[in-house]
Amino acid sequence: MITNEQIKDLRTRVSTLERCIAVADKRAALAQREERAQSPDFWDDPKKAEAYLKESGSLKSWVVAFDAALGAVDDLDVLMELDPEGEDTDAAYADALSKVEDLELRNMLGSEGDSLGAVLTINSGAGGTEANDWSAMLMRMYLRWGERNGYKMTVTENQEGDEVGIKS
C-alpha cells in the first residue's frame with residue numbers, strides 16, 4: 000500500500016528536479032528557439048540549422064521528460080484520492096517512481112561530455128578459459144544493456160579465445 004509520505008517524497012524530488020534542471024529557463028529558451036526556427040531565412044545554412052535543431056531537441060527532451068514525471072506524480076495523487084487501497088495505485092506509484100528516478104539519473108549524467116560516445120575495452124588477461132568465458136559474458140551483458148537503453152552498440156574488434164570466450 001502506498002502512503003501519503005511516499006507521494007510527498009516524490010513531490011519533493013520533482014520540485015528539486017525542477018530547480019536543478021531549470022525547467023522554466025529551458026521552456027523559455029525552447030520557445031525562443033522554435034520562434035527562430037520559423038523564420039524564412041532559417042534554412043539558408045543547412046548545417047547550422049541542423050545543429051540548431053539538435054540543440055533544440057535536447058532542450059525539448061528535458062522538458063518532455065520533466066512533464067512526464069510531474070504528470071505521473073499528479074496522476075498518482077488523484078488516484079490516491081479516488082482509490083487509496085487499489086491495485087492501480089501500486090502500478091501508478093511504480094511508474095511515477097521510475098520516471099522520477101530516470102530523470103534524476105539523467106540529471107546526474109548531464110554534464111557537457113556525457114552526450115558523447117564511449118569506448119569499452121574488455122581484456123581477459125590471465126586466467127585461461129575461465130577468464131575468456133567471463134570476458135564473453137561481460138561483453139554480452141554490456142551489449143544487451145546498451146541495446147535495451149537505446150544506445151548504438153558496435154563491436155570493432157573481437158579476438159576469440161583458444162577454446163571458449165574472447166581474449167579481447
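Letter by letter, the sequence shown follows residues 0 to 167 of numbering that gives the first Met the number 0. We put the beta carbon where it would ideally sit given N, CA and C, even for glycine. Bear in mind that the values here come from a model prediction, so they are computed numbers and not experimental data.
Counting only unbroken stretches of 4 or more residues, the alpha helix (DSSP H) elements lying wholly within the segment 63-141 are 86-107, in sequence order.
Under the Cβ criterion (8 Å, minimum of three pairs), the segment 108-126 does not count as touching the segment 75-83.
Put simply, the backbone Cα of E162 is about 9 Å away from that of G127. Shortest Cα-Cα distance from K151 to any of A90, Y141, N3 and D89 involves Y141.
Taking the Cβ atoms as the reference, N131 lies roughly 3 Å from G164, within the contact range of under 8 Å. Here E156 carries a coil assignment [DSSP, helix/strand/coil]. Across the set R18, M0 and Q5, the C-alpha of R18 shows the shortest separation from the C-alpha of E103. Looking only at F41, A68 and V154, the smallest Cα-Cα distance to A117 is reached by V154. Three or more pairs of CB atoms, one per stretch, sit closer than 8 Å, so the segment 86-99 contacts the segment 3-19. Distance check between L78 and each of K53, Y92 and K47 places Y92 closest, using alpha-carbon atoms only. According to DSSP, I165 shares a beta bridge with E159. Cβ-Cβ distances below 6 Å link K25 to L58, W61 and V62 in the same chain, with the five nearest sequence neighbours on each side left out; the list follows chain order. Taken through DSSP and simplified to helix, strand or coil, K59 comes out as helix. If you draw a 10 Å sphere on the C-beta of L69, you find 16 or more other C-beta atoms in it, and that means buried.
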